[in-house]
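K.L.:
full-length UniProt numbering applies: residue 1 is where the sequence shown begins, and numbers increase by one.
Each residue gets a CB set at the ideal place from its N, CA and C atoms; glycine is no exception.
Below you will find the structure I want to go over with you.
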Amino acid sequence: MDRIRIVGGNPLNGVIPISGAKNAALPLMIASLLTDRTVTLENLPRLADVSLLVRILSNHGVDYSIDGRRHGEDPDSGQTVHMTAREIVDTTAPYELVSRMRASFWVLAPLLARCGQARVSLPGGCAIGTRPVDLLLMAMERLGAEIDIDAGYVVARAPGGLRGAEIVFPKVTVGGTHIALMAASLARGTTVIHNAAREPEVGDLADLLVKMGAKVKGAGSPVIEVEGVARLGGAKHRVLPDRIEAGTYAMATAMTGGDVLLEGARAEHLQAALDALIEAGAHVEDTPQGLRVSRNGNGLQAVDIATAPFPGFPTDLQAQFMALMTHASGVSRITETIFENRFMHVQELARLGAHIRLEGDTAIVEGVPALKGAPVMATDLRASVSLVIAALAAEGESMIQRVYHLDRGFEALERKLSRCGADITRISSGG
Ligand code: EPZ
Numbered sequence: 001m002d003r004i005r006i007v008g009g010n011p012l013n014g015v016i017p018i019s020g021a022k023n024a025a026l027p028l029m030i031a032s033l034l035t036d037r038t039v040t041l042e043n044l045p046r047l048a049d050v051s052l053l054v055r056i057l058s059n060h061g062v063d064y065s066i067d068g069r070r071h072g073e074d075p076d077s078g079q080t081v082h083m084t085a086r087e088i089v090d091t092t093a094p095y096e097l098v099s100r101m102r103a104s105f106w107v108l109a110p111l112l113a114r115c116g117q118a119r120v121s122l123p124g125g126c127a128i129g130t131r132p133v134d135l136l137l138m139a140m141e142r143l144g145a146e147i148d149i150d151a152g153y154v155v156a157r158a159p160g161g162l163r164g165a166e167i168v169f170p171k172v173t174v175g176g177t178h179i180a181l182m183a184a185s186l187a188r189g190t191t192v193i194h195n196a197a198r199e200p201e202v203g204d205l206a207d208l209l210v211k212m213g214a215k216v217k218g219a220g221s222p223v224i225e226v227e228g229v230a231r232l233g234g235a236k237h238r239v240l241p242d243r244i245e246a247g248t249y250a251m252a253t254a255m256t257g258g259d260v261l262l263e264g265a266r267a268e269h270l271q272a273a274l275d276a277l278i279e280a281g282a283h284v285e286d287t288p289q290g291l292r293v294s295r296n297g298n299g300l301q302a303v304d305i306a307t308a309p310f311p312g313f314p315t316d317l318q319a320q321f322m323a324l325m326t327h328a329s330g331v332s333r334i335t336e337t338i339f340e341n342r343f344m345h346v347q348e349l350a351r352l353g354a355h356i357r358l359e360g361d362t363a364i365v366e367g368v369p370a371l372k373g374a375p376v377m378a379t380d381l382r383a384s385v386s387l388v389i390a391a392l393a394a395e396g397e398s399m400i401q402r403v404y405h406l407d408r409g410f411e412a413l414e415r416k417l418s419r420c421g422a423d424i425t426r427i428s429s430g431g
């Protein structure tokens with residue numbers, strides 16, 4: 001298993017190109033199941049989760065081809081892929097695959113909408129909480145699907161096709177909104193989704209669906225209206241920049257000091273996180289090339305945050321912000337309201353010398369003047385990268401184990417950071 005070695009203390013200076021968003025790429029790829037025509041996605045990040053989803057989709061019959069590198073192109077820039085589901089050959093998504101990546105459960109919606117049936121394994125729990133799928137199933141039932149649970153599988157049928165309906169989500173769900181949008185696009189009649197997620201990734205999926213011929217209004221607001229069409233066509237779409245990757249490197253820069261341009265990052269996608277960073281003492285400038293983040297000289301101040309659905313502070317940046325607060329002056333309260341068990345990083349940050357106490361859904365972080373390098377263990381994707389941020393500022397060497405979690409969601413992490421002056425190297429299992 002690969003490890004990452006970091007010797008802390010170097011400020012970050014330079015340019016970090018922001019990759020295509022993982023959490024947009026996954027639903028966009030799944031949407032290719034909705035049509036027999038080709039969906040071309042540009043700026044698709046090179047990530048383990050993307051490769052796994054390719055395997056899952058090809059099992060259902062999706063052909064996949066990838067453009068070679070073009071003259072003058074940065075080898076780390078996103079890929080262009082063409083996906084064609086000419087015929088769906090299998091409407092079952094097996095446990096072996098779904099259990100490895102939760103988002104693959106979302107194939108339920110396009111399979112049901114296009115084939116009138118689907119058999120998809122329940123995803124099971126995961127490191128950040130129980131993460132049920134009751135609201136996703138409720139949305140499909142509202143659209144006329146009959147759902148049974150059999151031997152760990154969701155068996156869904158809509159022999160006469162799906163029909164438009166009102167879907168009212170009692171709590172905001174990103175995955176629920178994605179699958180309601182996909183299924184409603186091919187349902188008969190009009191669907192209105194209430195309390196829809198407003199995350200930019202939902203807007204990106206809606207943009208692709210509209211290019212494919214879907215009739216979607218209101219994406220980005222809490223009420224989305226979809227008028228179903230009989231079939232969808234092919235389209236070409238560029239994956240939006242990864243706001244979580246951008247926010248992560250913004251926090252790394254604030255942590256180490258220095259000055260970094262996050263090329264392609266968009267302020268409107270992460271304003272709540274930028275506000276917290278500014279309050280903590282970082283300088284943020286919105287430029288035509290992207291976001292420029294710096295912290296020169298002055299120290300960090302403690303700031304309280306609570307995670308919330310977009311446009312609130314993203315849960316996917318909570319661990320990274322906690323890493324930052326371990327080194328701030330004062331006491332910060334970090335409240336996690338989305339997932340019940342997303343504090344796996346607390347123990348590992350403590351190994352680096354952080355002072356953190358948990359009180360229910362709140363972590364109380366007492367800033368310390370310096371962290372100290374140590375061996376630590378990556379647990380989930382965002383928790384792992386919070387350890388990278390802390391290690392970049394810690395005195396001495398840290399060794400991060402189980403970095404396959406990072407490879408799921410951060411493209412070229414070591415290269416991006418070392419180009420900006422970080423002392424970070426991957427030690428592959430053979431080395
Ligand atoms: C998406 O997960 C993201 N995943 C997550 O990113 C992100 O943390 C999350 O949204 C919240 O922003 C992808 O986009 C692939 P939800 P999702 O449905 O859609 C509860 C990362 O690190 N809920 O918005 O699965 C749920 O338990 C990942 O990149 C139900 O109760 O999240 C949670 O408390 C991790 N019943 C809340 O809603 C349901 O049927 C929000 O979850 C569905 C969800």
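Provide the residue span of the beta strand (DSSP E) that contains glutamine 117, from first to last.
P.N.:
Along the sequence shown, one-based indexing puts residue 117 at 117. 117-121 is the span of the beta strand (DSSP E), which, as asked, contains glutamine 117.
K.L.:
Using 10 angstroms around the beta-carbon of lysine 236, count the other beta-carbons present and answer buried if the total reaches 16, otherwise exposed.
P.N.:
Start at 1 with the first residue of the sequence shown, and residue 236 comes out as number 236. Exposed is the call here.
K.L.:
Residues in the same chain with beta-carbon distance under 7 Å from alanine 49, minus the five sequence neighbours each way, listed in chain order, please.
P.N.:
Mapped onto the sequence shown, residue 49 falls at position 49. Before going further, note that residue 49 is aspartate rather than alanine in the sequence given. Counting only Cβ-Cβ distances below 7 Å, and skipping sequence neighbours, we find Lys22, Leu26, Met101, Arg408, Gly409.
K.L.:
Between valine 216 and isoleucine 224, what straight-line distance do the alpha-carbon atoms span, to the nearest angstrom?
P.N.:
Here residue 216 is taken as the residue at index 216 of the sequence shown, counted from 1. Here residue 224 is taken as the residue at index 224 of the sequence shown, counted from 1. When rounded, the distance between both Cα atoms is 7 Å.
K.L.:
Rounded to a whole number of angstroms, what is the C-alpha to C-alpha distance between alanine 139 and serine 221?
P.N.:
As a first step, residue 139 must be located in the sequence shown, where it is residue number 139. As a first step, residue 221 must be located in the sequence shown, where it is residue number 221. Using only the alpha carbons, I get a separation of about 18 Å.
K.L.:
For a minimum of 3 consecutive residues, which ranges assigned as the beta strand (DSSP E) are wholly contained in the stretch 217-261?
P.N.:
Counting only runs of 3 or more, we get 223-227, 235-238.
K.L.:
Looking at isoleucine 88: is its Cβ nearer than 7 Å to the Cβ of histidine 60?
P.N.:
Looking up residue 88 in the sequence shown gives position 88. Looking up residue 60 in the sequence shown gives position 60. In this structure, histidine 60 lies closer than 7 Å to isoleucine 88 by Cβ.
K.L.:
Nearest CA to the CA of leucine 371: which residue from Ser332, Met325, Met251?
P.N.:
As a working note, residue 371 is residue 371 in the sequence shown. When each option's Cα is compared against that of leucine 371, the closest is Met325.
K.L.:
Is lysine 215 helix, strand or coil when you go by DSSP?
P.N.:
On the sequence shown, position 215 is the one that residue 215 refers to. DSSP places lysine 215 in strand when its eight states are reduced to three.
K.L.:
Helix or strand or just coil, what does DSSP make of aspartate 423?
P.N.:
On the sequence shown, residue 423 is found 423 positions in, with the first residue counted as 1. Correct three-state label for aspartate 423: strand.
K.L.:
Any idea what DSSP makes of phenylalanine 321, helix, strand or coil?
P.N.:
Position 321 of the sequence shown, counted from the start, is the residue given in the question as residue 321. Here phenylalanine 321 sits in helix by DSSP.
K.L.:
Using 7 Å as the limit for Cβ to Cβ distance, is glycine 218 near chain C?
P.N.:
Absent from the structure is chain C; it holds one protein chain and no more.
K.L.:
With a threshold of 16 other CB atoms inside 10 Å of the CB of methionine 1, please say whether the residue is buried or exposed.
P.N.:
For the purposes of this step, residue 1 is taken as the residue at position 1 of the sequence shown. Methionine 1 is exposed by the Cβ-count criterion.
K.L.:
Is it the case that the Cβ atoms of isoleucine 4 and isoleucine 356 are separated by a distance below 7 Å?
P.N.:
Residue numbering aside, residue 4 sits at position 4 when the sequence shown is read from its first letter. Residue numbering aside, residue 356 sits at position 356 when the sequence shown is read from its first letter. No, they are not a contact pair.
K.L.:
Opposite glycine 7 in the DSSP bridges: which residues?
P.N.:
Here residue 7 corresponds to residue number 7 of the sequence shown, with the count starting at 1. The sequence given here has valine at residue 7, not glycine. Answer by DSSP bridge pairing, in chain order: Glu397, Asp423.
K.L.:
Just how far apart, CA to CA, sit serine 398 and glycine 281?
P.N.:
What you label residue 398 is simply residue 398 of the sequence shown in a count that begins at 1. What you label residue 281 is simply residue 281 of the sequence shown in a count that begins at 1. Taking the straight line joining both Cα atoms gives about 26 Å.
K.L.:
Can you round the beta-carbon distance between glutamate 414 and isoleucine 424 to whole angstroms, since I take them to be within the 8 Å contact cut?
P.N.:
For the purposes of this step, residue 414 is taken as the residue at position 414 of the sequence shown. For the purposes of this step, residue 424 is taken as the residue at position 424 of the sequence shown. The Cβ separation is near 5 Å, so the contact holds.
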